[in-house]
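Its first residue numbered 724, the sequence shown is counted upward by one per residue in the numbering used here.
Report on the structure given below.
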Amino acid sequence: MARVLIIDDDPAMAQVMSALCTEVGHTAITYSSASKALKLLMSHAPQLVITQSNAGNGSDLEVLKACRASLPHVPVILITGNKSVSGAVAAMRAGAADYILKPLHMGDLKEAIQRALSDAGSYFPDSSARVREGDSFENIIGRSARMQGIFELIGKVARTDSTILITGESGTGKELVARALHFNSGRQSQPFVAINCSALPENLLESELFGHKKGSFTGAVQDKVGLFEEAEGGTIFLDEINSMAALLQTKLLRVLQERVIRRVGENLNIPIHVRVLAASNEPLFEKMKAGGFREDLYYRLAVIPLEVPPLRERREDIPLLVEHFLQKHAVFSKSSRVATLDQRAMEALCSYSWPGNVRELENAVERACALCENGVVQLSDLPPHVVKSEFLSQSGAVPQPAENYATSSPLPIGRPLSEFIAAQERRFIEETIRANRGVRERAAQVLGISSATLYRKLDAASMPPIQKVADSL
Ligand SMILES: Nc1ncnc2c1ncn2[C@@H]1O[C@H](COP(=O)(O)OP(=O)(O)OP(=O)(O)O)[C@@H](O)[C@H]1O
Ligand SMILES: [Mg+2]
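Encoded structure:
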């Protein structure tokens, strides 16, 4: 049985496909809005995505690319009206597991679903290697001592059933670590189910986690199996656990202690055999000490604490990560050509402070690959704020906090005032984000601006599209 996510802007068609999935023994979730589906992509953790769009303009390709970027090991079937060979080639290059032409025949779809699920993992060689190779974590890049220490810890604890709390600023790779823990455990052939606890209001999160009985609240039109049950035998990853409401924390504690769940509206105890991994993008110990998180739950979760350091504290990983992302981008690009970086561009990347950590670096590299000419990334292909920090700290030294620029750095005489002020503002915002351990919402509060303004000022182009929407839910 697989979890299938169906995205089709025609709801009737989505229902037909959903019925087919159920008929062949899978569970399906349907969305008629691609943006909504992509928002919840990570929390649904689908094992197969089927997408169809009547909107044209390559919108289905965009959905395909977004899915491949967020969940590279999940096959995507594209249903399209584009009958040209170039359309098919573009879809396969963008990583589609299969490509079906309209008008859609259910027989074709059924076959494609079976094929995609049986091939899952092998059509993208990277991921099958990742799953099979017991104790290597080749998709997590890092040669720094801090990352090596993390690899060692993963190696030691992956095979245990201990609950692990992964902390670290946003974009440091917490989810990647959680996946490595699962795929290197004895549970690797069982489900890995991830849920972002900040993406749903409390009551919906409860029914998402534990399921509900039909009629238990308005909108509960049928019985629903919760994610704990879906993860049976495998691993559940409770992301952004720091944002879980107090009452739900109490319920989760009971589940961890008694290893049983109760669906909302039902009195039956259902035993579960699920390993729990949790992540927090703010220091949970401090939050617990300040009374913002249950102490007993904290200690239940943090049986083994694992902290992923911010990128600025392991700069020696940057060149390796850049190389990795250049190659990763080539897989998705039309030309499949791996771009290279000129020296100044690499220096700028190595000296920037990366408040959005590895995710921000990945976005910058992806952007540069799209903009660069002749396959060589230059300074001008990098996001302006990355270059500006290099340009302001002209010596190429590691950037200093904002106020130092005004006093100790050589002033960039000859440049427009607006550019200088924008660079100062940006550094100030970044330092505030850093002082708040990467939690942008808190930084926005401190700065007295809305989160939306903060994101806008940080340059929408350098922010991850999916996470950005999820954050603002
Ligand atoms: N060490 C790494 N090697 C390769 N890719 C990485 C590494 N760390 C992070 N990434 C990539 O950076 C992006 C962000 O990683 P991830 O989602 O695991 O971060 P996170 O800590 O869960 O962030 P958030 O708190 O915002 O959810 C992903 O695309 C991931 O593949
Ligand atoms: Mg995450």
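Built from N, CA and C at the ideal position, the CB exists for glycine as well.
**Study point:** Those residues which DSSP pairs with His-935 across a bridge
**Key:** The partner list for His-935 (beta bridge, DSSP) reads Lys-947, Val-987.
Review point. If you run the structure through DSSP and keep just helix, strand and coil, what is Thr-886?
Key: The answer is coil: DSSP assigns Thr-886 none of H, G, I, E or B.
Check your understanding: With DSSP run on the structure shown, which of helix, strand or coil describes Ala-751?
Key -> strand
Exercise for review: Under 7 Å Cβ to Cβ from Thr-745, same chain only, skipping five residues before and after it: list those, please.
Suggested key: Ala-751
Check your understanding: For Gln-913, which of helix, strand or coil comes out of DSSP?
Key -> coil
Review point. Do Asn-862 and Leu-888 have their C-beta atoms closer together than 8 Å?
Key: no
Practice item. For Pro-1028, collect the residues of the same chain with a Cβ closer than 6 Å to its Cβ; drop the 5 residues on either side in sequence, then sort them by chain order. Key: Leu-888
Review point. What residues in its chain sit with their C-beta under 7 Å from that of Cys-920, if we drop five residues either side in the sequence?
Key: Leu-928, Leu-961, Asp-962, Glu-963, Ile-964, Ser-966, Met-967
Check your understanding: How many Å lie between Lys-1010 and Ala-969 at the Cα?
Key -> One Cα belongs to Lys-1010, the other to Ala-969, and the distance between them is close to 13 Å.
Review point. How many whole angstroms separate the CB atoms of Ile-836 and Ala-819, which I take to be in contact at a CB cut-off of 8 Å?
Key: Incorrect: roughly 13 Å between the Cβ atoms, too far for contact.
**Study point:** Completely contained alpha helix (DSSP H) runs for the region 760-798, where each covers 4 or more residues
**Key:** The DSSP assignment places 764-767, 782-793 as complete runs of the alpha helix (DSSP H) inside the region 760-798, in order along the chain (cut-off: 4 residues).
Check your understanding: How far does the alpha helix (DSSP H) with Tyr-1021 in it reach, from first residue to last?
Key -> Note, Tyr-1021: alpha helix (DSSP H), 1018-1024.
Exercise for review: Would you mind stating whether Ala-817 and Leu-787 have Cβ atoms separated by less than 8 Å?
Suggested key: yes
**Study point:** Cβ neighbours of Arg-1017 in the same chain (closer than 6 Å, five flanking residues each side left out)
**Key:** Correct list, in chain order: Gln-972.
Check your understanding: Residues in its own chain within less than 7 Å of Cys-1197 by CB, not counting five upstream and five downstream?
Key -> With the chain represented from 724 up to 1196, any question about residue 1197 goes unanswered, as that position is not in the structure.
Check your understanding: Can Ala-1053 and Arg-1060 be called in contact, C-beta distance under 8 Å?
Key -> yes
Exercise for review: Within 10 angstroms of the Cβ of Ala-1002, are there 16 or more other Cβ atoms? Answer buried if so, exposed if not.
Suggested key: buried
Check your understanding: Does the Cβ of Ala-1175 have 16 or more other Cβ atoms within 10 Å, making it buried, or fewer, making it exposed?
Key -> exposed
Point to revise | Boundaries (first-last residue) of the alpha helix (DSSP H) holding Phe-960 | key: It is not in any alpha helix (DSSP H) - Phe-960 instead sits in the beta strand (DSSP E) that spans 958-962.
Review point. Thinking C-beta only, is Asp-1040 closer than 8 Å to Arg-1160?
Key: no
Check your understanding: Is the beta carbon of Ala-1053 within less than 7 Å of some heavy atom of ligand 2?
Key -> no
Point to revise | Buried or exposed by the 16-neighbour rule on C-beta atoms within 10 Å, applied to Gln-945 | key: exposed
Practice item. Reducing DSSP to helix, strand and coil, say where Asp-1040 ends up. Key: helix
Check your understanding: How should Glu-875 be labelled, buried or exposed, when 16 other C-beta atoms within 10 angstroms of its C-beta is the threshold for buried?
Key -> Exposed is the call here.
Check your understanding: By a C-beta neighbour count over all protein chains shown, 10 Å radius and 16 as the cutoff for buried, is Phe-940 buried or exposed?
Key -> exposed
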